[in-house]
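**Student:** My questions all concern the structure below.
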Amino acid sequence: MRKIKKAVLFLMVFPLSLVAQDFKGDEKIPFDSNVKTGKLKNGLTYYIRKNSKPEKKVDLRLVINAGSILETDEQRGLAHFMEHMCFNGTKRFPKNELVDYLQSIGVKFGQHLNAYTSFDETVYFLPIPSDSPEKLEKGFQIIEDWAFNANLTPEEIDKERGVVLEEYRLGLGADKRMMDRYLPKMMYNSQYAERLPIGKKEILETFTYDKLVSFYKDWYRPDLMSVIVVGDIDVAEMEKKVIAHFANYKNPKNAKPRKIYEVPNHKETLVSIETDKESSDAQVQLLYNDMEKPKPTVTLNDYREDLVKGLFTTMLNNRLQELTNAPNPPFVYGYSYHGGTFARTKEAYQSFAMMSEEKQLEALKVLVTENNRAKKFGFTQSELDRAKAAVLANYERTFKEKDKTNSERYVSEYQSYFLENVPAPGIEWEFEAVKKMLPSISLAETNGLIKNFIKDENRFVLLTGPEKEGLKKVTEAEVLAVINANDSDITANKETALASSLIRKEIKAGSVVKKESNAKLGTTTLVLSNGAKVTYKKTDFKNDEVLMEAISFGGSNLYSNDEIKKVQFANGGLTEAGFSGLKKNDIDKFMSGKIANVTPYISGVTEGLRGSTTPKDLEYLFQMTHAYMTDLNFDNEAFESYKQKQSAFFKNLSSQPNVYFQQEFYGYLMKENPRFIGIFPDEKTWSTTDYKVAYDKYKERFSNAGDFEFFFVGNVDDKQIEEFSAKYIASLPSNTTKEKAVDLGIRMLKGDLKKVVNKGSDPKSNVTIMYYGDTTYSPKEAMAIQALGEVLTIKLIEELRENESGVYGVSARGSLNKVPNGSYNFNIGFPCGPENAEKLTASALNELQKIIDNGPDEKDVAKFKEGEIADFKKDSKENRFWLSNFTKAYTFSSSAEEVLSMEERINSVTAKEIQDVAKKYLTKDKVVGILMPETK
Numbered sequence: 005m006r007k008i009k010k011a012v013l014f015l016m017v018f019p020l021s022l023v024a025q026d027f028k029g030d031e032k033i034p035f036d037s038n039v040k041t042g043k044l045k046n047g048l049t050y051y052i053r054k055n056s057k058p059e060k061k062v063d064l065r066l067v068i069n070a071g072s073i074l075e076t077d078e079q080r081g082l083a084h085f086m087e088h089m090c091f092n093g094t095k096r097f098p099k100n101e102l103v104d105y106l107q108s109i110g111v112k113f114g115q116h117l118n119a120y121t122s123f124d125e126t127v128y129f130l131p132i133p134s135d136s137p138e139k140l141e142k143g144f145q146i147i148e149d150w151a152f153n154a155n156l157t158p159e160e161i162d163k164e165r166g167v168v169l170e171e172y173r174l175g176l177g178a179d180k181r182m183m184d185r186y187l188p189k190m191m192y193n194s195q196y197a198e199r200l201p202i203g204k205k206e207i208l209e210t211f212t213y214d215k216l217v218s219f220y221k222d223w224y225r226p227d228l229m230s231v232i233v234v235g236d237i238d239v240a241e242m243e244k245k246v247i248a249h250f251a252n253y254k255n256p257k258n259a260k261p262r263k264i265y266e267v268p269n270h271k272e273t274l275v276s277i278e279t280d281k282e283s284s285d286a287q288v289q290l291l292y293n294d295m296e297k298p299k300p301t302v303t304l305n306d307y308r309e310d311l312v313k314g315l316f317t318t319m320l321n322n323r324l325q326e327l328t329n330a331p332n333p334p335f336v337y338g339y340s341y342h343g344g345t346f347a348r349t350k351e352a353y354q355s356f357a358m359m360s361e362e363k364q365l366e367a368l369k370v371l372v373t374e375n376n377r378a379k380k381f382g383f384t385q386s387e388l389d390r391a392k393a394a395v396l397a398n399y400e401r402t403f404k405e406k407d408k409t410n411s412e413r414y415v416s417e418y419q420s421y422f423l424e425n426v427p428a429p430g431i432e433w434e435f436e437a438v439k440k441m442l443p444s445i446s447l448a449e450t451n452g453l454i455k456n457f458i459k460d461e462n463r464f465v466l467l468t469g470p471e472k473e474g475l476k477k478v479t480e481a482e483v484l485a486v487i488n489a490n491d492s493d494i495t496a497n498k499e500t501a502l503a504s505s506l507i508r509k510e511i512k513a514g515s516v517v518k519k520e521s522n523a524k525l526g527t528t529t530l531v532l533s534n535g536a537k538v539t540y541k542k543t544d545f546k547n548d549e550v551l552m553e554a555i556s557f558g559g560s561n562l563y564s565n566d567e568i569k570k571v572q573f574a575n576g577g578l579t580e581a582g583f584s585g586l587k588k589n590d591i592d593k594f595m596s597g598k599i600a601n602v603t604p605y606i607s608g609v610t611e612g613l614r615g616s617t618t619p620k621d622l623e624y625l626f627q628m629t630h631a632y633m634t635d636l637n638f639d640n641e642a643f644e645s646y647k648q649k650q651s652a653f654f655k656n657l658s659s660q661p662n663v664y665f666q667q668e669f670y671g672y673l674m675k676e677n678p679r680f681i682g683i684f685p686d687e688k689t690w691s692t693t694d695y696k697v698a699y700d701k702y703k704e705r706f707s708n709a710g711d712f713e714f715f716f717v718g719n720v721d722d723k724q725i726e727e728f729s730a731k732y733i734a735s736l737p738s739n740t741t742k743e744k745a746v747d748l749g750i751r752m753l754k755g756d757l758k759k760v761v762n763k764g765s766d767p768k769s770n771v772t773i774m775y776y777g778d779t780t781y782s783p784k785e786a787m788a789i790q791a792l793g794e795v796l797t798i799k800l801i802e803e804l805r806e807n808e809s810g811v812y813g814v815s816a817r818g819s820l821n822k823v824p825n826g827s828y829n830f831n832i833g834f835p836c837g838p839e840n841a842e843k844l845t846a847s848a849l850n851e852l853q854k855i856i857d858n859g860p861d862e863k864d865v866a867k868f869k870e871g872e873i874a875d876f877k878k879d880s881k882e883n884r885f886w887l888s889n890f891t892k893a894y895t896f897s898s899s900a901e902e903v904l905s906m907e908e909r910i911n912s913v914t915a916k917e918i919q920d921v922a923k924k925y926l927t928k929d930k931v932v933g934i935l936m937p938e939t940k
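Residue numbering for the sequence shown follows the numbering used here, beginning at 5 and increasing consecutively.
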């Protein structure tokens, strides 16, 4: 079942609940019959399902129903530390052999191979190829070793301390400081307040080895485990492997009980108002904690209650979204829902908002008012009808994709079933049931729900934000006055009339004047009467997905220096005005139950539109495209609302040391650029922003459809594409002008440069090493420099993380670009301790120098090829991959057919070619940027 995880936004997809004519309310929800499930004698539970998306791949997952909540005081942080140790060597795969082997079969560390630890669970992810018995067997050996055979030697434990401490360091900052202060109130008198998974620094530094061994032996045991296997496999064979690898393990004698920790209720309202000089945003959170434990969803009646909650949440959040689009918005965004907290045993009705720091009380008042408005007056029938349409549309789309669903999604579903008994009946059952159920949900039911949520006790209110000179800090008395305010002056919500169409002007259709096909690519190109081109590729990757991008050369490089400064931060707000005389809220209401969206953009060298839809709603995407190109509204109030929200979001962002570093670093490199006015807007740039200029330039950029090519990929119908293209695209205004990408000749500073930026109070640093410059674009070199980034990353992880224990993560990335000018770019980046920044920079450059001098190791080149080909095979079965391929070919003026030889091109990369690009591009000038803490 697609039930949203606890503490995740209930915005679009909701759990299904139902009582239908052919169901009994007390009937239990079935489990998906497509899944083979069982329990071994030792208590280990397994779930196995055959699923062929992606092909020749299988997702293995080891789920441990144990996390940091079970640590003793002396073990705080060791549940997470244990997760690290499982990658550091096991009985069958000592030291780094595990990662080394997986990379050799195309599994990338961090990107594919991963794990996480939370309060109540530890989960290991292992996606591997399923195309050979040997790889499958090795996969099962790995998850078996993770479960029972990790090497916990003193040497390896001590080496990993540095890596875990670097991960701990990453979490330091304003949010961590404020959380340390408010968590004891939020998780009132509970174990959760004392067991953040990252742990305590002093414990991570000094714990004795036996404490880690003890945690592993106590909690990594069969009766707390699940093995989940979903992929392109033989179910019976996989069941045999589960039994062979896990049935012989026994639970420890006198096993510790897996205790469930509760969060006590409290009569008073707890308030936490936290500020920090490095906080970059202001937030408000209001929790009405349930008095009782969460009720499991077991029967159809339970499901019905969940659906009513989902509909209620949809309607309330629609109202909050309308407020964010208002002329003077109370917050950047806000939402409410009933769901989980950090604790499995505590749910709450929760309202959240982000706003400008001086509007915290106002935002809290709006959240309280909207909750009380819903409680006092409820919703309208039209609101409920729209909510039902939205829920049904999402279920219908998921049902249509039932044979195109990625294995990872199924694995996550069965994980939730194992850990928290979240029902998993299968989408076929759900969709049929929800169609029968939705009509019976009444307005009285949704309107009555909130009365059970909102109460005067067991409440927690949290305000977090920046500490600034001249900013008055909100008091607890002010907070309590807002949430206890009388609701006698609240009036019922007023519904506006629903729009009847997305188009208000008569359209005079054009025609298709030419039709061409490319059998190799499987594409059809329509040349329209106004000169526009439409190229589409029909695929079966998804049953209910169509993606679109329209693109044209031009972009903001055609603007003058004065114009670009006026519009750079205004362009993003142009669509806030809506189109066809409709405001954003009007459009959102009209589109309830329909799935289609379009977003215009203007980049440096191109302008275009991106969109997605379903085959059923394809015409709405065409209508939006037509409206954005011909009938964009001009609305000063809407733009002012956008400015307020953007200002609230950006104005304190540079309080974060990493953001401040980026601002200063790139400001330094761009100081000779006459068009550069900063990465983010500030009060000065907003004051010079000109909405009218941005609007006029937008109209100019989209005035000539004949200079656009429209690409569609997905489950498209030839007849529909032709019909809608003739009506909505061929009718667009056009002329014969064909623009090209313009190179303004502006470059970042060159030379062997170093920029050190001091910001922040925590002992945190960040290192960026950059190589860049002009070159002649070569597809062969582009592949080689990409390979260089991957093989260098392998070496940097081995040296900086595994050998020196100096970083948690490190990466290198290389690319060549062709438009607007031939250029190369190569970056190395990592966070670390300030005391190690210079040493690790030298180590990174030394690893690069080894490749320059001697070339990369052949085994690392082979790892690159395996990983890239594995990704290509997976990605090439996705619509988005093909859309990106077509737009890149357009931009680079190259052939889209080049992708057909991708495997050959990857396999043809040699160690010498990689060494050659390293010599050619990475022995010249470089730029080093280092973030260091402020000096005291």
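Built from N, CA and C at the ideal position, the CB exists for glycine as well.
Taking the CB atoms as reference points, tell me whether residue 331 and residue 641 lie closer together than 8 Å.
**Tutor:** Cβ distance < 8 Å, so residue 331 and residue 641 count as in contact.
**Student:** Please give the ranges of any alpha helix (DSSP H) in the region 159 to 236, keeping only runs that are unbroken, at least 4 residues long and fully inside the region.
**Tutor:** Taking only runs of at least 4 residues, the alpha helix (DSSP H) segments lying wholly in the region 159 to 236 are 178 to 190, 205 to 210, 213 to 223.
**Student:** Are residue 356 and residue 881 closer than 8 Å when you measure CB to CB?
**Tutor:** No; because the gap between Cβ atoms is not below 8 Å, this pair is not in contact.
**Student:** Taking just the CA atoms, how far does residue 315 sit from residue 393?
**Tutor:** Rounded to the nearest angstrom, the two C-alpha atoms are 10 Å apart.
**Student:** Please check the pair residue 502 and residue 447, which I expect to be a contact at CB under 8 Å, by giving their CB distance rounded to whole angstroms.
**Tutor:** About 17 Å separates the two Cβ atoms, so there is no contact after all.
**Student:** Could you tell me if residue 719 is buried or exposed, where buried requires 16 or more neighbouring beta carbons within 10 angstroms of its beta carbon?
**Tutor:** Buried: at least 16 other Cβ atoms inside 10 Å.
**Student:** For residue 312, which three-state DSSP category applies?
**Tutor:** Helix at residue 312.
**Student:** Quick one: give me the first and last residue of the alpha helix (DSSP H) that residue 133 is part of.
**Tutor:** Residue 133 -> not in any alpha helix (DSSP H); beta strand (DSSP E) instead, spanning 126 to 133.
**Student:** Ordered along the chain, which non-local residues of its own chain (more than five positions away) have a Cβ less than 8 Å from that of residue 169?
**Tutor:** Once the five neighbours on either side are set aside, the close Cβ partners of residue 169 are 205, 208, 209.
**Student:** Curious, which full-length alpha helix (DSSP H) runs of at least 4 residues does the region 62 to 94 contain?
**Tutor:** You should have 82 to 89.
**Student:** Going by the CB atoms, is the gap between residue 911 and residue 869 shorter than 8 Å?
**Tutor:** Yes, these two residues count as a Cβ contact at 8 Å.
**Student:** By DSSP's criteria, residue 775 is part of a beta bridge. Which residues make up the other side?
**Tutor:** The partner list for residue 775 (beta bridge, DSSP) reads 830.
**Student:** Return the CA-CA distance between residue 749 and residue 282, expressed in angstroms with no decimal places.
**Tutor:** Approximately 37 Å, taken between the alpha carbons.
**Student:** Checking the sheet assignment: what are the DSSP bridge partners for residue 714?
**Tutor:** In DSSP, residue 714 forms a bridge with 538, 554.
**Student:** To the nearest angstrom, how far is it from the Cα of residue 845 to the Cα of residue 898?
**Tutor:** Near 38 Å, if we compare the C-alpha coordinates of residue 898 and residue 845.
**Student:** Starting from residue 565 and walking both ways along the alpha helix (DSSP H), at which residues does that stretch end?
**Tutor:** Taken as a continuous stretch (DSSP letters only), the alpha helix (DSSP H) holding residue 565 covers 565 to 571.
**Student:** Return the residue from the list 138, 59, 147 that minimises the CA-CA distance to residue 91.
**Tutor:** Nearest of 138, 59, 147 to residue 91, Cα basis: 147.
**Student:** Let me know the secondary structure DSSP gives residue 753 once reduced to three states.
**Tutor:** Residue 753: coil per DSSP, three-state reduction.
**Student:** Quick one: residues in its chain with C-beta nearer than 7 Å to the C-beta of residue 25, no 5 flanking neighbours on either side, listed in chain order?
**Tutor:** The predicted position of residue 25 is uncertain, since its pLDDT is 42 and thus under 50; a value taken from the coordinates is nonetheless stated next. Here the set comprises 440.
**Student:** My output table needs one value for residue 784: the three-state DSSP class, helix, strand or coil.
**Tutor:** Note: residue 784 maps to helix in three-state DSSP.
**Student:** Does DSSP put residue 927 in a helix, a strand or coil?
**Tutor:** Residue state, collapsed to three classes: coil.
**Student:** Which one or two residues does DSSP pair with residue 522 in a beta bridge?
**Tutor:** Bridge partners of residue 522: 527.
**Student:** I'd like the list of long-range same chain contacts for residue 64, defined as Cβ closer than 7 Å, with 5 residues on each side in sequence excluded.
**Tutor:** Around residue 64: 130, 132, 143, 147, 233.
**Student:** Per DSSP, what are the beta-bridge partners of residue 610 in this structure?
**Tutor:** Beta-bridge pairing links residue 610 to 557.
**Student:** Starting from residue 280, trace the beta strand (DSSP E) both ways and give me its first and last residue.
**Tutor:** Start and end: 274 to 280.
**Student:** Which ranges does the alpha helix (DSSP H) cover as unbroken runs of at least 4 residues, wholly within the region 450 to 498, from first to last along the chain?
**Tutor:** You should have 480 to 487.
**Student:** Measuring CB to CB, does residue 770 end up less than 8 Å from residue 835?
**Tutor:** Yes.
**Student:** Use the C-beta contact count for residue 120: other C-beta atoms within 10 angstroms, 16 or more gives buried, fewer gives exposed.
**Tutor:** Classification for residue 120: exposed.
**Student:** Measuring only between beta-carbons, confirm whether residue 73 sits less than 8 Å from chain D.
**Tutor:** Here there is only one protein chain, and chain D is not present.
**Student:** Relative to the C-alpha of residue 496, which candidate in 451, 511, 557 has its C-alpha closest?
**Tutor:** It is 451 whose Cα lies nearest to the Cα of residue 496.
**Student:** Report the rounded CA-to-CA distance for residue 777 versus residue 224, giving the unit in angstroms.
**Tutor:** Cα to Cα, the separation comes out at about 52 Å.
**Student:** Output the distance between the C-alpha atoms of residue 848 and residue 918, rounded to the nearest integer angstrom.
**Tutor:** Approximately 17 Å between the Cα atoms of the pair.
**Student:** Flag this pair as yes or no: are the beta carbons of residue 82 and residue 250 separated by less than 8 Å?
**Tutor:** No, these two residues do not count as a Cβ contact at 8 Å.
**Student:** So for residue 500, helix, strand or coil by DSSP?
**Tutor:** Coil, per DSSP.
**Student:** Taking all protein chains shown into account, decide if residue 928 is buried (16 or more other Cβ within 10 angstroms of its Cβ) or exposed.
**Tutor:** By the 10 Å Cβ count, residue 928 comes out exposed.
**Student:** Would you check if the distance between the CB atom of residue 154 and the CB atom of residue 76 is smaller than 8 Å?
**Tutor:** Contact flag unset, no.
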